[in-house]
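Asker: Input: one structure, supplied below.
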Ligand SMILES: NC(=O)C1=CN([C@@H]2O[C@H](COP(=O)(O)OP(=O)(O)OC[C@H]3O[C@@H](n4cnc5c(N)ncnc54)[C@H](OP(=O)(O)O)[C@@H]3O)[C@@H](O)[C@H]2O)C=CC1
Ligand SMILES: O=C(O)C1=N[C@H](C(=O)O)C[C@H](O)C1
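Below you can see the structure in the form of structure tokens.
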């Protein structure tokens with residue numbers, strides 16, 4: 001499998017290393033002008049002639065690249081501006097296979113399934129969501145938390161997110177879903193869904209303990225995606241036979 005890397009920051013450096021260890025070839029990169037990537041540089045996705053492109057970058061890099069026609073299958077991991085990005089990806093998926101996940105760890109997909117179940121069983125519990133990441137992360141809340149929040153909002157009619165209580169002078173309302181983002185040091189990524197009512201608390205938590213899980217998840221998704229028909233994929237349907 002020949003892979004084009006979109007973005008060559010922390011994540012795609014790890015993807016490149018793991019890809020080469022697995023016997024894949026890096027066809028090239030699309031990154032900033034000053035990139036030090038030891039691979040050929042391209043400025044359009046199809047120019048690399050790769051079997052698949054893996055994107056860990058920034059909306060300002062990936063969105064313009066998607067403006068033209070694209071034929072190369074895409075694995076997209078970039079977070080931030082989710083609605084805009086997913087709308088473009090869905091449009092592109094009419095003529096190529098596209099996999100998008102705000103968290104490439106399969107464990108987070110399982111967490112989201114557990115959250116759906118908990119939401120049906122814990123209707124009278126208050127729900128708060130907390131994510132923690134390293135101090136180099138540019139988007140907040142994380143793409144994963146946005147995904148978990150969307151799940152909760154779908155299940156709790158009339159609920160709404162509260163991102164900042166600093167100007168509030170009243171007690172918490174039942175419909176609130178509190179969202180908190182913590183940034184510090186080298187925390188890889190932790191997501192907690194906290195269900196609380198009088199005298200008891202249930203938490204669903206996921207802790208990423210290395211960045212390799214995301215890169216490996218993207219590589220596994222890419223290896224499956226290249227044999228899939230055109231369409232929009234996530235962890236709900238990537239492994240299903242059609
Ligand atoms: N779905 C998942 O499982 C995961 C997703 N991510 C997401 O992947 C993305 C990248 O993460 P990470 O590698 O840690 O980030 P880095 O900041 O280390 O790398 C980002 C890359 O995008 C480029 N870039 C950033 N801003 C711009 C811009 N405005 N215009 C053009 N290029 C830009 C950077 O270029 P330069 O270095 O020249 O600035 C770099 O190549 C983030 O959105 C992150 O949230 C991360 C981990 C897991
Ligand atoms: O930027 C990161 O590091 C991560 N970003 C993704 C997100 O925004 O959810 C996934 C993971 O948590 C790491």
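Residue numbers (the UniProt record's numbering): 1 to 242.
By construction, the Cβ of each residue, glycine as well, lies at the ideal position given by its N, Cα and C atoms.
Keep in mind that this is a model prediction, so the values were computed, not measured.
1. Short check: CB of residue 57 to CB of residue 35, under 9 Å?
2. Can you find the residues in the same chain that come closer than 7 Å, C-beta to C-beta, to residue 71, ignoring five residues on each side of it along the sequence?
3. How is residue 176 classed by DSSP in three states: helix, strand or coil?
4. What's the C-alpha gap between residue 205 and residue 101?
5. Tell me, which residues are paired with residue 53 by DSSP?
6. Are the Cβ atoms of residue 153 and residue 141 separated by less than 9 Å?
7. Just to confirm my understanding: we take residue 131, look at its own chain, exclude 5 residues before and 5 after, and list those with CB closer than 6 Å. What are they?
8. For residue 176, which residues of its own chain have a beta-carbon under 6 Å away from its beta-carbon, when the five flanking residues on both sides are left out?
9. Within the present structure, is the beta-carbon of residue 110 separated from the nearest heavy atom of ligand 2 by less than 8 Å?
10. Report whether the distance from the Cβ of residue 12 to the nearest heavy atom of ligand 1 is below 8 Å.
11. Evaluate residue 160 with the Cβ neighbour count: other Cβ atoms within 10 Å of its Cβ, from every protein chain shown; 16 or more gives buried, anything less gives exposed.
12. Start and end of the beta strand (DSSP E) containing residue 211?
13. Do you know offhand how far residue 217's Cα is from residue 169's?
14. Just checking, does the region 6-24 make contact with the region 214-229 on the three C-beta pairs under 8 Å criterion?
15. Looking at residue 231: is its Cβ nearer than 9 Å to the Cβ of residue 98?
16. Based on the DSSP output, what are the partners of residue 192 in its beta bridges?
17. Measuring CA to CA, which of 3, 111 and 208 is closest to residue 193?
18. Relative to the C-alpha of residue 83, which candidate in 10, 63 and 94 has its C-alpha closest?
19. Grab me the residues of residue 89's own chain with a C-beta within less than 8 Å of its C-beta, minus the 5 sequence neighbours each way, in chain order.
20. From the DSSP output, in three-state form, read off residue 171 for me.
21. For residue 197, write down the residues that DSSP places opposite it in a beta bridge.
22. Name the residue from 40, 139 and 188 whose alpha carbon lies nearest to the alpha carbon of residue 59.
23. Rounded to the nearest angstrom, what separates residue 209 and residue 114 at their Cα positions?
24. Looking at the unbroken beta strand (DSSP E) that takes in residue 27, where does it start and where does it end?
Answerer: Judging by the given coordinates:
1. No, the Cβ-Cβ distance between residue 57 and residue 35 is not below 9 Å.
2. So the qualifying residues of the chain are 46 and 96.
3. The answer is strand: DSSP assigns residue 176 an E or B state.
4. Rounded to whole angstroms, residue 205 to residue 101 spans 18 Å at the Cα level.
5. Bridge partners of residue 53: 4 and 74.
6. The Cβ atoms of residue 153 and residue 141 lie no closer than 9 Å to each other.
7. Excluding sequence neighbours, residue 131 sits near 141, 142, 145, 181 and 191.
8. Here the set comprises 162.
9. For residue 110, the Cβ stays outside the 8 Å cut-off from all heavy atoms of ligand 2.
10. The nearest non-hydrogen atom of ligand 1 is less than 8 Å from the C-beta of residue 12.
11. Its Cβ having fewer than 16 others within 10 Å, residue 160 is exposed.
12. Boundaries cannot be given for residue 211, as no beta strand (DSSP E) includes it and DSSP labels it neither H nor E.
13. Those two C-alpha atoms are separated by around 44 Å.
14. Three or more Cβ pairs closer than 8 Å define a contact, and the region 6-24 meets that threshold against the region 214-229.
15. Contact flag set, yes.
16. For residue 192, which the question treats as bridged, DSSP gives the partners 130 and 205.
17. Nearest option by C-alpha distance: 111.
18. Nearest C-alpha to residue 83: 63.
19. Closer than 8 Å at Cβ, skipping near neighbours: 66, 74, 76, 98, 100 and 232.
20. In the structure shown, residue 171 sits in coil (DSSP, three-state: anything other than H, G, I, E or B).
21. Looking at the DSSP assignment, residue 197 forms a beta bridge with 200.
22. For the set 40, 139 and 188, the Cα lying nearest the Cα of residue 59 is the one of 139.
23. In a straight line, the C-alpha of residue 209 is about 20 Å away from that of residue 114.
24. Judged by DSSP secondary structure, residue 27 falls within the beta strand (DSSP E) whose first and last residues are 25-30.
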